[in-house]
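Terminal number for the sequence shown in the numbering used here: 626, no gaps in between.
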Amino acid sequence: MSPLIRDARPEEYDSITRLLRDTYGGEGLVGAAYLPRLDDTAARARDAGTEVLVAVDRTDPGDPTDPGSPAAHGNPAGPAAPANPAAGRPSGTSRLLGTATLALPGAGWNDALSDGEATLRMLSVDPTARRRRIGTALIGECVARARLAGATALGLHTTDAMTAAHRLYTTSGFVRTPEHDTPARSGGTLRAYRRLLEPWPRIRVAQSGEHTSAGDLTVAAYVGAGLLPADHSYVHQLGDAKRRAAEAELLVAVDPAGALLGTVTYCPPGSTYREIGRDDEGEFRMLAVSPQAHGRGIGEALVRTCLRRARSEGKRGIALSSSTAMHAAHRLYERLGFARDPRRDWTPAPGVSLLAFAREI
């Protein structure tokens, strides 16, 4: 199972600091004067606009050693339609595999030399996990988050000793920018690398005049993809974006001219649209992308916005339900770190089966 990339938690700060000191200090990658900076994990995490990320192993949801697993209760397949679909919990996590810090434009830990540039800092991977592409996954997450925040570039500085990291940055799309090199405190030069970013379309709360268009886009996406017949009873709910805006949070992706490219409904605590989310989870529904905007990453940007929204509420996870026919959406969810949670599969109406997905954030 692939590792999960998520925000670090306070109980992990000491482990992150030890990993950084073991790799940067133990392998002689930085001078002794820099080591105290690695101890500021909590300070980095508290800084507005700075995100401390971790890569962790995940426990298989079907692992009988997981007390929340159906197999632990004698039912490996899980209930087809639980009376309470919110029962159960997401799979647990195990050891720390790696970490990275992303400082967005304007953050205290951002040392970029140009406006609109984010900074990648303190990338470190446990030596026993270095053949698992953990560094690549952490960099990919930093790139995606920087793009979502509207950053135009992602920069970093690295020491001459970090030769393996130099190769990783190059294969990850970074370019050496010697004009941005800076002197290291302990002597020598800090090498600069930079990767230009293409920001995603703007995502925001839908305006009142966009409700009808958002509803029509949702219907067109579901019916046009053959997920529902046009006369299905659920089509009316898909089209009622005005109600979603009143009882949940209707988000839209728009191009520079304001044209709608996609939409999703985020369901905050207390929303009538929540279905399977627990108290410590966010939840979203009705993800839809305009057929004309397919292949542009709109769905990923909308899902990532929901992840960021849940994090802003202090949630530790996020969940959703998806029909069995939404194969493209399932691939997107799995690529973004979601895992199937069969314990929460359910049947809202005869002949309608919904699959549950969840992930930690």
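Ideal Cβ positions, reconstructed from N, Cα and C, are used throughout, including at glycine.
Could you round the C-beta distance between residue 294 and residue 424 to whole angstroms and report it? I think they count as a contact, below 8 Å. 6 Å
With a 10 Å radius around its C-beta and 16 neighbouring C-beta atoms as the bar for buried, classify residue 432 as buried or exposed. exposed
Look at the alpha carbon of residue 507 and the alpha carbon of residue 516, and state the distance between them as a whole number of angstroms. 12 Å
Assuming residue 401 and residue 273 make a contact with CB atoms under 8 Å, what is their CB distance in whole Å? The pair is not a contact, with the Cβ atoms about 19 Å apart (cut-off 8 Å).
Residue 510 by DSSP, collapsed to three states: which one? helix
Residues of its chain near residue 376, where Cβ-Cβ distance is below 7 Å and the 5 sequence neighbours each way are ignored: 384
Looking at C-beta atoms only, is the number of pairs between the segment 511-530 and the segment 461-471 that lie closer than 8 Å three or more? yes
Taking just the CA atoms, how far does residue 279 sit from residue 378? 30 Å
Starting from the C-beta of residue 574, find all residues in its chain whose C-beta is less than 7 Å away, skip the five residues before and the five after it, and write them out in chain order. 531, 547
Which residue or residues does DSSP assign as beta-bridge partners of residue 588? 619
Reference residue 426; option with closest CA among 495, 600, 455, 497: 455
Do residue 624 and residue 413 count as a contact pair if the criterion is CB distance below 8 Å? no
Cβ contact (3+ pairs, closer than 8 Å) linking the segment 403-423 and the segment 313-322: yes
Roughly how many angstroms lie between the CA atoms of residue 373 and residue 522, to the nearest whole one? 33 Å
Measure the Cβ-Cβ separation of residue 460 and residue 419 and say whether it is below 8 Å. yes
Cα-Cα separation, residue 371 to residue 314: 7 Å
With distance defined between alpha-carbon atoms, name the residue in 269, 311, 271, 361 nearest to residue 283. 361
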